[in-house]
Amino acid sequence: MKTDLLADRHIGIQEEDLPVMLEKIGVKSLDELINKTIPSKIRLKEPLPLAAPMTEREFAEHITELASQNKIYTSYIGMGWYDSITPAVIQRNVFENPVWYTSYTPYQTEVSQGRLEALMNFQTVISDLTAMPLANCSLLDESTAAAEAATMMHGLRTRDQQKSGANVLFVNEEIFPQNLAVIQTRALPQGMKIQVGNYKELVFTPEIFACILQYPNASGSVEDYREFVEKAHAAHCKVAVDADIMSLALLVPPGEWGADIVFGSTQRLGIPLFYGGPSAAYFATRDEYKRNMPGRIIGWSKDKYGKLAYRMALQTREQHIKREKATSNICTAQALLATMAGFYAVYHGQEGIKNIAKRIHSITTWLNKALTRLGYVQHNELFFDTLRFSLPDHVSAQKLRTIALSKEVNLRYYDNGDVGFSIDETTDLKDVNLLLSIFSIAAEETVQEVTDIPEASSLNRELRRRTSFLTHEVFNKYHTETEMMRYIKRLERKDISLAHSMISLGSCTMKLNAASEMLPLSNLGWMAIHPLAPEDQTKGYQTLLNNLSEQLKVITGFAGITLQPNSGAAGEYTGLRIIRAYLESIGQGHRNKILIPASAHGTNPASAIQCGYTTVTCACDDKGNVDVEDLRAKAEANKDDLAALMITYPSTHGIFEPEIAEICKIIHKCGAQVYMDGANMNAQVGLTNPGTIGADVCHLNLHKTFASPHGGGGPGVGPVCVAEHLVPFLPGHQVWGNSANQVSSAPYGSAGILPITYGYICMMGAEGLTNATKTAILSANYLAACFKDTYGIVYTGATGFVGHEMILDCRYLHDETGISENDIAKRLMDYGYHAPTLSFPVHGTLMIEPTESESLWELDNFVTVMQTIWQEIQEVKNGSADKEDNVLVNAPHPEYEVVTNEWNHSYSREKAAYPIESVRDNKFWINVARVDNTLGDRKLLPTRYGKFE
0 MKTDLLADRH IGIQEEDLPV MLEKIGVKSL DELINKTIPS KIRLKEPLPL AAPMTEREFA
60 EHITELASQN KIYTSYIGMG WYDSITPAVI QRNVFENPVW YTSYTPYQTE VSQGRLEALM
120 NFQTVISDLT AMPLANCSLL DESTAAAEAA TMMHGLRTRD QQKSGANVLF VNEEIFPQNL
180 AVIQTRALPQ GMKIQVGNYK ELVFTPEIFA CILQYPNASG SVEDYREFVE KAHAAHCKVA
240 VDADIMSLAL LVPPGEWGAD IVFGSTQRLG IPLFYGGPSA AYFATRDEYK RNMPGRIIGW
300 SKDKYGKLAY RMALQTREQH IKREKATSNI CTAQALLATM AGFYAVYHGQ EGIKNIAKRI
360 HSITTWLNKA LTRLGYVQHN ELFFDTLRFS LPDHVSAQKL RTIALSKEVN LRYYDNGDVG
420 FSIDETTDLK DVNLLLSIFS IAAEETVQEV TDIPEASSLN RELRRRTSFL THEVFNKYHT
480 ETEMMRYIKR LERKDISLAH SMISLGSCTM KLNAASEMLP LSNLGWMAIH PLAPEDQTKG
540 YQTLLNNLSE QLKVITGFAG ITLQPNSGAA GEYTGLRIIR AYLESIGQGH RNKILIPASA
600 HGTNPASAIQ CGYTTVTCAC DDKGNVDVED LRAKAEANKD DLAALMITYP STHGIFEPEI
660 AEICKIIHKC GAQVYMDGAN MNAQVGLTNP GTIGADVCHL NLHKTFASPH GGGGPGVGPV
720 CVAEHLVPFL PGHQVWGNSA NQVSSAPYGS AGILPITYGY ICMMGAEGLT NATKTAILSA
780 NYLAACFKDT YGIVYTGATG FVGHEMILDC RYLHDETGIS ENDIAKRLMD YGYHAPTLSF
840 PVHGTLMIEP TESESLWELD NFVTVMQTIW QEIQEVKNGS ADKEDNVLVN APHPEYEVVT
900 NEWNHSYSRE KAAYPIESVR DNKFWINVAR VDNTLGDRKL LPTRYGKFE
């Protein structure tokens, strides 16, 4: 075995494994399999023109050198990003721990109790600090949360407002510009009008349905909005507030003065700057709006024996599941970063966070007085951490900037010549003295070095927080590193991740996230850069972004790219927004229909609706292909209004449709665009690509195809690649002077995790990437061959093969025995496996995607497990196992049940807990029995304080 290239370590199947796998599949060579799987007319004729692969050592040196090109200045720019201190115990045991970063979204409750508790901690932090009863477990970023608030309030209009067409959203002018830009991108296609102005001067009219405020505002002023909120509610307007989460430790929270929605960023709860992302946005609202709120909610429930358990509550209200009835397309969020922010609050507790906030505010208060004495005029009467100054006549902003840069400090410079700064958790006495010297040198004054900052406050009594927060014991028990480390480990042991076994979730591509790709993220050169830092301080990032962009354009066969979208669903929305802008530019803005196959992921129609389109569904045939004649007929019938086709390739049914090129031609003939969903790009790389197939735009899931981890439900990255004619319509950003189609807070979205994908491509090279694709297809077909005579495969391609995933048929098993696909999923947990994808895209089935990273041993063990479960089902069928009391309907079997003195089942403990030898060698003990899926929905308890009566 070669060991010098990542491909040799990343790809699980070895050369000596091929004969047995190919024989099982029924082909003579891997190339024969690929030729029979992918239509020849869309195959690439040449290898991808990428640079030769680096070894892991070479990449480590390269990425370290790039990081060194970023200049780590002390940034007081603020504007939504603040330097923070990530506690080492959290960085080491969560951020750098594969159990946390390789786990999946916690749909499978019983093997996700650890991260569900961690996310419940996060929700509790948000509810406590905002004084709102309900929070979700994160959104993509602050600007996305702002846009989601706008959309939600639009959906909550009264019947009279809807009837009268009230469509004006008032946004106070003192809001961060990136948030306003994304609100405008998202709101306009939905028929909203944005009115920007001074909240003090607003006259409410019937057209206004909601207002968005910022607290403290964009210049740092703490405003008393109570009277305004009363007027808004009297006018039947909802109010959303963008609140600085750290400030709420000291300020009266918006929930106490009438806000309907509170949102913002938790980046300053111990999350690095990462050049703008990723970090977890938060979103909180009133309990009565729980079915309208975007994102996921963690709630309490009980298992079958009454033990308290966590689960993702109200799953059917997740907006993307509602398809075209959705009010949001959110799927991936920022689970890993939310987990870290929640642990930050656990580690510090109420007093710790309050002390951090007091220190920030005290330093700001002291500097306000000190700089005022130097002749600077400060504009904010009340403030938390941000000051804005007019300069003395003899001081220019340029002079101040020159002095600051000479001392490696970034300040905030306003268009009118004002200068400001935002103090953060990392600011200490040395920093205070440096700031003081910068302003004193500019003012040509002499100052004494300060040796102590006394606790002080600029806040009046009416705006000071009086209510306590984080009173639950979890925020008061783990303040030493030993206890914190053990708490994190205790939760970690409750979850299945890739560190334990294969996660075969179809359409999710749970592949290896190699350590050599992940290690660079802990380099301060990537962690400590503010997204609005001057370009000459970010040369390492710029080189990485340019290199990665070129690589992804080569792989997709496209001319342009944006890295801004910070999830796959955000990428979908962005791609459609680009198409919309293009059509408007050529006088075709009236085109308002999107054609979508019935098999599409729910985010496709949800994204289309968010972008202001209506959807037309085309059928699939009995082999799982798009029904080309139905598509042709519907395209023709809607040709004057058709904007685009959204199609996944290979399809969500797991097959390469032979007529894909013809499908693209049909759509283009109607004057519409082809949007290719890149969710299944792991079966394309190096063998075909969207550009060759004939698509116009494609989003990629870096957290699927390109080795970025799922993080328990985020972070994700959803770059969008486009053909030449769409390049002018790629998203802008206000820092570039053009915010058209802006979709995220930061110019480059979640730039901080892009080194992962960059490393994957650099170290795999063209040959490695292509072999990974071939191996993914090989492993899927091997499993399909193993299961076809027991479970059966729902769909195979025209030549009888699957793509990189397959759908197992469990419907007949339920009809014959009463055993459901859900019972199989739960029984898999007893064997130490996470379930495949349940009942998607076909109800009553399991969709399996093994990826290229799994070894033949792991594949064979999974086959043994699944076939053993099939035999257990046969026992129910033939009557040797009780239909009401068997290992399947009672699964999973938690440790506490297996070791109890009483055992009342008709089968043995051994059959329940140790059904095969490999389980004995590597038992994953489950913490809870099957969890009640309705109790926690009937009574939603979304914080740690919740109790069932």
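Oh and the sequence shown: position 32 is 31 in numbering that gives the first Met the number 0, straight run, nothing missing.
For every residue, glycine included, the Cβ atom is placed at its ideal position computed from N, Cα and C.
Legend entry - Whether Ala797 touches Pro657 by CB criterion (8 Å): Taking the sequence shown and counting its residues from 1, one reaches residue 797 at position 798. Taking the sequence shown and counting its residues from 1, one reaches residue 657 at position 658. Yes.
Inset, instruction - Using the Cα positions of Lys910 and Lys787, report the straight-line distance between them to the nearest angstrom. - result: Here the question's residue 910 lines up with position 911 in the sequence shown. Here the question's residue 787 lines up with position 788 in the sequence shown. Going by the C-alpha atoms only, they are around 26 Å apart.
Legend entry - Among His652, Phe175, Pro604 and Gly690, nearest to Ala621 - alpha-carbon criterion: Start at 1 with the first residue of the sequence shown, and residue 621 comes out as number 622. It should be noted that the sequence gives Asp, not Ala, for residue 621. For Asp621, the nearest C-alpha among the options comes from His652.
Legend entry - Separation of Asn522 from Gly758, as counted between CA atoms: Taking the first residue of the sequence shown as position 1, residue 758 is located at position 759. Taking the first residue of the sequence shown as position 1, residue 522 is located at position 523. Roughly 14 Å between the two C-alpha positions.
Inset, instruction - May I ask you to report which of helix, strand or coil DSSP gives Ile193? - result: For this step, residue 193 is matched to residue 194 along the sequence shown. In the three-state DSSP reduction, Ile193 falls in the strand class (E or B).
Legend entry - Ser650 burial status per 10 Å Cβ neighbour count (16 or more: buried): Within the sequence shown, numbered from 1, the residue matching residue 650 stands at position 651. Under this definition Ser650 is a buried residue.
Inset, instruction - List the endpoints of the continuous beta strand (DSSP E) containing Ser389. - result: Within the sequence shown, residue 389 is the residue found at index 390, counting from 1. Going by DSSP, Ser389 is part of the beta strand (DSSP E) stretching over Thr385 to Ser389.
Inset, instruction - May I have the straight-line CA-CA distance separating Glu480 from Glu871, to the nearest angstrom? - result: Indexing the sequence shown from 1 puts residue 480 at position 481. Indexing the sequence shown from 1 puts residue 871 at position 872. Their backbone Cα atoms lie some 46 Å apart in a straight line.
Inset, instruction - Output the distance between the C-alpha atoms of Val888 and Asp881, rounded to the nearest integer angstrom. - result: Position 889 of the sequence shown holds residue 888. Position 882 of the sequence shown holds residue 881. Their Cα atoms are separated by approximately 10 Å.
Legend entry - Thr789 versus Glu723: straight-line alpha-carbon distance, rounded: Working through the sequence shown from its first residue, we reach residue 789 at position 790. Working through the sequence shown from its first residue, we reach residue 723 at position 724. One alpha carbon belongs to Thr789, the other to Glu723, and they sit about 48 Å apart.
Inset, instruction - My understanding is that Met53 touches Met762, with C-beta atoms under 8 Å, so please give their C-beta distance in whole angstroms. - result: The residue you call residue 53 lines up with position 54 of the sequence shown. The residue you call residue 762 lines up with position 763 of the sequence shown. Beta-carbon to beta-carbon, Met53 and Met762 are separated by about 5 Å, close enough to satisfy the 8 Å threshold.
Inset, instruction - Would you list, in sequence order, the uninterrupted beta strand (DSSP E) runs of no fewer than 3 residues that lie entirely inside the segment 844-907? - result: Listed in chain order, they are 844-847.
Legend entry - Contact the segment 181-200 vs the segment 140-159: 3+ CB pairs below 8 Å: The segment 181-200 vs the segment 140-159: in contact.
Legend entry - alpha helix (DSSP H) runs contained entirely in the segment 580-624, provided each spans 4 or more residues: With a minimum length of 4 residues, the continuous alpha helix (DSSP H) runs that stay inside the segment 580-624 are 602-609.
Legend entry - Pairwise C-alpha distance: Ala636 and Glu628: Looking up residue 628 in the sequence shown gives position 629. Looking up residue 636 in the sequence shown gives position 637. When rounded, the separation of the alpha-carbon atoms in Glu628 and Ala636 is 12 Å.
Inset, instruction - Using three-state DSSP, classify Met645 as helix, strand or coil. - result: Sequence index remark: in the sequence shown, residue 645 carries index 646 (1-based). Looking at Met645 - three-state DSSP - the assignment turns out to be strand.
Inset, instruction - Pick out the complete alpha helix (DSSP H) segments inside the segment 35-111, 4 residues or longer, and give them in chain order. - result: The segment 35-111 contains, as complete alpha helix (DSSP H) runs of 4+ residues, the segments 55-67 and 97-100 (chain order).
Inset, instruction - Using three-state DSSP, classify Pro530 as helix, strand or coil. - result: The residue you call residue 530 lines up with position 531 of the sequence shown. DSSP places Pro530 in the coil class of the three-state scheme, outside both helix and strand.
Legend entry - Short Cβ contact (8 Å threshold) for Met292 with Tyr781: The residue you call residue 292 lines up with position 293 of the sequence shown. The residue you call residue 781 lines up with position 782 of the sequence shown. No, the Cβ-Cβ distance between Met292 and Tyr781 is not below 8 Å.
Legend entry - Beta carbon of Met339 nearer than 8 Å to that of Phe94: Here the question's residue 339 lines up with position 340 in the sequence shown. Here the question's residue 94 lines up with position 95 in the sequence shown. Contact flag set, yes.
Legend entry - Simplified DSSP assignment, three categories, for Gln13: Within the sequence shown, residue 13 is the residue found at index 14, counting from 1. Here Gln13 sits in coil by DSSP.
Legend entry - Chain-order list of residues whose beta-carbon lies under 6 Å from that of Ala403 (same chain, five-residue window excluded): Taking the sequence shown and counting its residues from 1, the one referred to as residue 403 is at position 404. Same-chain partners within the cutoff: Leu410 and Ile437.
Inset, instruction - Would you identify the three-state DSSP class for Asn171, choosing helix, strand or coil? - result: Counting from 1 along the sequence shown, the entry for residue 171 is found at position 172. Here Asn171 sits in strand by DSSP.
Legend entry - Nearest-angstrom beta carbon gap, Ile24 and Ala775 [assumed within contact, 8 Å]: Start at 1 with the first residue of the sequence shown, and residue 775 comes out as number 776. Start at 1 with the first residue of the sequence shown, and residue 24 comes out as number 25. Contact between Ala775 and Ile24 fails: their C-beta atoms lie close to 14 Å from each other, not under 8 Å.
Legend entry - Burial state of Phe947 (16 or more Cβ within 10 Å): For the purposes of this step, residue 947 is taken as the residue at position 948 of the sequence shown. Exposed, by the Cβ-count rule.
Inset, instruction - Please go through the same chain and pick out, in chain order, the residues whose beta-carbon is closer than 7 Å to the beta-carbon of Ala765, but skip the five residues on each side of it. - result: As a working note, residue 765 is residue 766 in the sequence shown. Excluding sequence neighbours, Ala765 sits near Pro46, Leu47, Leu49 and Gly685.
Inset, instruction - Could you tell me the distance, in whole angstroms, from the CA atom of Val124 to the CA atom of Ala209? - result: Translated into the one-based positions of the sequence shown, residue 124 becomes position 125. Translated into the one-based positions of the sequence shown, residue 209 becomes position 210. For Val124 and Ala209, the distance between alpha carbons rounds to 26 Å.
Inset, instruction - Could you tell me if the beta carbon of Tyr281 falls within a distance shorter than 7 Å of some heavy atom in the ligand MG? - result: The ligand content of the structure shown is nil, which means the ligand MG is not present either.
Inset, instruction - Kindly confirm or deny that the segment 54-72 and the segment 531-541 touch, where touching means at least three C-beta pairs closer than 8 Å. - result: Yes, since at least three Cβ pairs between the segment 54-72 and the segment 531-541 fall closer than 8 Å, the two stretches touch.
Inset, instruction - Helix, strand or coil for Asp936, going by three-state DSSP, please let me know. - result: Counted from its first residue, the sequence shown places residue 936 at position 937. In the three-state DSSP reduction, Asp936 falls in the helix class (H, G or I).
Inset, instruction - Along the beta strand (DSSP E) that carries Asp241, what are the first and last residues, could you check? - result: Counted from its first residue, the sequence shown places residue 241 at position 242. Per DSSP, the unbroken beta strand (DSSP E) holding Asp241 starts and ends at Lys237 to Ala242.
Legend entry - Alpha carbon of Glu472 to alpha carbon of Arg114, nearest angstrom: On the sequence shown, position 473 is the one that residue 472 refers to. On the sequence shown, position 115 is the one that residue 114 refers to. Near 18 Å, if we compare the C-alpha coordinates of Arg114 and Glu472.
Legend entry - Extent of the continuous beta strand (DSSP E) to which Val221 belongs: On the sequence shown, residue 221 is found 222 positions in, with the first residue counted as 1. Val221: not part of any beta strand (DSSP E); DSSP gives it neither H nor E.
Legend entry - Contacting residues, own chain, Cβ-Cβ under 6 Å from Leu940 (five flanking each side not counted): By 1-based counting over the sequence shown, the position of residue 940 is 941. These residues qualify, in order along the chain: Gly298 and Trp299.
Legend entry - Option nearest Lys398 by Cα separation, candidates Ala441, Ala455 and Trp365: Here residue 398 refers to the residue found at position 399 when the sequence shown is read from its first residue. If we check each option's Cα against that of Lys398, Ala441 comes out closest.
Inset, instruction - Kindly confirm or deny that the segment 119-137 and the segment 255-264 touch, where touching means at least three C-beta pairs closer than 8 Å. - result: Yes, since at least three Cβ pairs between the segment 119-137 and the segment 255-264 fall closer than 8 Å, the two stretches touch.
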